[in-house]
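Numbering (this note's numbering), first residue to last: 68 to 250.
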């Protein structure tokens with residue numbers, strides 16, 4: 068019998084990791100290493116649109132046309148019933164900068180409501196088990212008791228096509244369907 072070498076062990080481990088799980092066409096690299104995020108994503112939820120725009124300008128060198136460090140005052144004038152465009156306004160995150168959040172990031176989605184970042188989602192190339200993704204982004208376990216005050220919940224999903232989505236929610240979505248618009 069031949070002694071297992073590091074190469075054989077790695078090949079076996081990779082073979083096991085590449086086996087599809089029940090009901091999934093994708094694979095989850097349960098023991099794969101994932102580099103840490105380049106930024107503190109936990110600080111983003113509930114940040115104001117103005118503050119986040121300035122943060123993007125200082126951190127990533129990207130200056131949003133409206134939401135940037137030059138904006139002195141900002142008060143969201145939106146309403147989920149009558150002025151929805153303003154209600155959901157805020158900076159967008161360019162895909163060209165996604166890899167600066169994490170080397171495997173392809174997209175960063177920002178959801179704004181009443182002038183605050185309601186949710187941030189980062190799409191990673193590759194499928195990663197939840198504990199691995201949480202560790203890479205400095206996220207505590209999913210238990211709400213261990214989350215910082217600006218984060219209501221976190222979620223890790225593998226939507227297929229070899230991707231992993233990491234989402235942080237600052238507060239519940241509150242749109243026209245959630246309030247009485249008198250209509």
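All C-beta atoms, glycine included, are put in the ideal place defined by N, C-alpha and C.
With residue i as the anchor, note down where its alpha helix (DSSP H) starts and where it stops.
| i | result |
| --- | --- |
| residue 198 | 197-203 |
| residue 120 | 116-127 |
| residue 113 | It is not in any alpha helix (DSSP H) - residue 113 carries neither H nor E in the DSSP assignment. |
| residue 218 | That residue, residue 218, is in no alpha helix (DSSP H); it is neither H nor E in DSSP. |
| residue 252 | Residue 252 lies beyond the stretch modelled for the chain, which goes from 68 to 250, so this question has no answer here. |
| residue 152 | 151-154 |
| residue 167 | 165-168 |
Can you say whether residue i is buried or exposed, counting buried as having 16 or more other CB atoms within 10 angstroms of its CB?
| i | result |
| --- | --- |
| residue 235 | buried |
| residue 140 | exposed |
| residue 200 | buried |
| residue 107 | exposed |
| residue 112 | buried |
| residue 216 | exposed |
| residue 165 | buried |
| residue 95 | In this prediction, residue 95 has a pLDDT of 45, which is less than 50 and means its spatial position is unreliable; nothing more can be read from the coordinates. |
| residue 172 | buried |
| residue 121 | buried |
| residue 233 | buried |
So, under 8 Å CB-CB, residue i and residue j are touching, yes? Tell me the CB distance rounded to an integer number of Å.
| i | j | result |
| --- | --- | --- |
| residue 204 | residue 231 | About 11 Å separates the two Cβ atoms, so there is no contact after all. |
| residue 176 | residue 188 | 4 Å |
| residue 110 | residue 170 | Actually they do not touch by this definition, with Cβ atoms about 20 Å apart. |
| residue 136 | residue 149 | Not really, about 30 Å apart at Cβ, beyond 8 Å. |
| residue 168 | residue 105 | 6 Å |
| residue 145 | residue 186 | Their Cβ separation, rounded to whole angstroms, is 16 Å, which puts residue 145 and residue 186 out of contact at 8 Å. |
By Cβ distance below 6 Å, which residues in the same chain neighbour residue i in space, the five residues on each side in sequence not counted?
| i | result |
| --- | --- |
| residue 155 | 179 |
| residue 248 | 148 |
| residue 206 | 221 |
| residue 114 | 184 |
To which residues of the same chain is residue i closer than 8 Å at the C-beta, ignoring the five residues directly before and after it?
| i | result |
| --- | --- |
| residue 116 | 134, 141, 143, 156, 157, 158, 179, 182, 183 and 184 |
| residue 152 | 145 |
| residue 208 | 201 |
| residue 100 | 199 |
| residue 119 | 111, 134, 157, 158, 177 and 184 |
| residue 161 | 129 |
| residue 214 | 207, 220 and 221 |
In the DSSP assignment, find the unbroken beta strand (DSSP E) run with residue i in it and report its ends.
| i | result |
| --- | --- |
| residue 184 | 183-192 |
| residue 178 | 172-180 |
| residue 235 | 230-236 |
Between the stretch 129-144 and the stretch 185-194, are three or more C-beta pairs nearer than 8 Å?
-> For the pair of segments examined, the stretch 129-144 was found not to touch the stretch 185-194: the number of CB pairs separated by less than 8 Å stays below three.
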